[in-house]
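Novice: For the sequence shown, the working numbering assigns the number 722 to the initial residue and increments by one for each residue that follows. Please see the structure below; I have some questions.
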Amino acid sequence: MLNHALESLLRGHGHAASDIIHITDYVVERGSDKHIAYAASKAALDNMSRSFARKLAPEIKVNAIAPSLILFNEGDDAEYRKQALDKSLMKIAPGEKEISDLIEYLFSSRYVTGRSFAVDGGRHLR
Numbered sequence: 722m723l724n725h726a727l728e729s730l731l732r733g734h735g736h737a738a739s740d741i742i743h744i745t746d747y748v749v750e751r752g753s754d755k756h757i758a759y760a761a762s763k764a765a766l767d768n769m770s771r772s773f774a775r776k777l778a779p780e781i782k783v784n785a786i787a788p789s790l791i792l793f794n795e796g797d798d799a800e801y802r803k804q805a806l807d808k809s810l811m812k813i814a815p816g817e818k819e820i821s822d823l824i825e826y827l828f829s830s831r832y833v834t835g836r837s838f839a840v841d842g843g844r845h846l847r
């Protein structure tokens, strides 16, 4: 696992000087009847983020980002796009900047660790 392999490279730079950010998925909270193994693996990664946060603090912060729809594929038709957008309260595909802004925040924070950040436009409230 990369977390173990990189631990020695990430330590020794001071308090909260290094970060590990895992990408999970919004299905971690609700599961998936169609993609059971995928949902289970992302849930495991979400838990590993918290476990590694406990193990590696205070030098290394470990967090997770759990996105839902961020971008559409070029081949996605109008009907699929509408159905996908209707699943969130915000009704937009926010684009990659939403994720990069969150990563920038996590890198700049000296305190946030062991958290999973849902980037789902309120999808969990539907």
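C-beta: ideal position from N, C-alpha, C; glycine also. For clarity, every value in this text was computed on a predicted model and none was experimentally measured.
1) CB-CB under 7 Å to Gly823, same chain, minus the five flanking residues each way: which ones, in chain order?
2) Could you pull the start and end residues of the beta strand (DSSP E) that Lys782 belongs to?
3) Is DSSP giving Ser809 helix, strand or coil here?
4) Taking 8 Å as the cut-off, does the segment 794-813 touch the segment 750-770 (at least 3 CB pairs, one atom from each stretch)?
5) From which residue to which residue does the alpha helix (DSSP H) around Val748 run?
6) Roughly how many angstroms separate the alpha carbons of Gly842 and Ile820, rounded to a whole number?
7) Check whether the segment 766-773 and the segment 805-815 are in contact - that is, three or more C-beta pairs closer than 8 Å.
8) Straight-line CA distance for His725 to Arg732?
9) Under 8 Å, do Ile791 and Glu825 count as touching if we go by C-beta distance?
10) Bridge partners for Ser739 per DSSP, in chain order?
11) With DSSP as the reference, label Ser821 as helix, strand or coil.
Specialist: Inspection of the coordinates gives the following:
1) What you label residue 823 is simply residue 102 of the sequence shown in a count that begins at 1. Reading off the sequence, residue 823 comes out as Leu, not Gly. In its chain, beyond the 5 residues on either side, Ile786, Phe838 and Val840 have a beta carbon closer than 7 Å to the beta carbon of Leu823.
2) The sequence position of residue 782 within the sequence shown is 61, counting from 1. Judged by DSSP secondary structure, Lys782 falls within the beta strand (DSSP E) whose first and last residues are Ile781 to Pro788.
3) Sequence index remark: in the sequence shown, residue 809 carries index 88 (1-based). Under the three-state reduction of DSSP, Ser809 is assigned to coil, being neither helix nor strand.
4) Result no; under three Cβ-Cβ pairs closer than 8 Å.
5) Residue mapping note: residue 748 aligns to position 27 of the sequence shown, counting from 1. Residues Val748 to Arg751.
6) Here residue 842 refers to the residue found at position 121 when the sequence shown is read from its first residue. Here residue 820 refers to the residue found at position 99 when the sequence shown is read from its first residue. Whole-angstrom Cα-Cα distance: 12 Å.
7) The answer is no - the segment 805-815 does not touch the segment 766-773, with fewer than three Cβ pairs under 8 Å.
8) Stepping through the sequence shown from its first residue, residue 725 is reached at position 4. Stepping through the sequence shown from its first residue, residue 732 is reached at position 11. Taking the straight line from one Cα to the other gives about 11 Å.
9) Here residue 791 refers to the residue found at position 70 of the sequence shown. Here residue 825 refers to the residue found at position 104 of the sequence shown. Going by C-beta atoms, Ile791 is not nearer than 8 Å to Glu825.
10) Here residue 739 refers to the residue found at position 18 when the sequence shown is read from its first residue. In the DSSP output, where bridge partners are listed per residue, Ser739 has Ile781.
11) The residue you call residue 821 lines up with position 100 of the sequence shown. The answer is helix: DSSP assigns Ser821 an H, G or I state.
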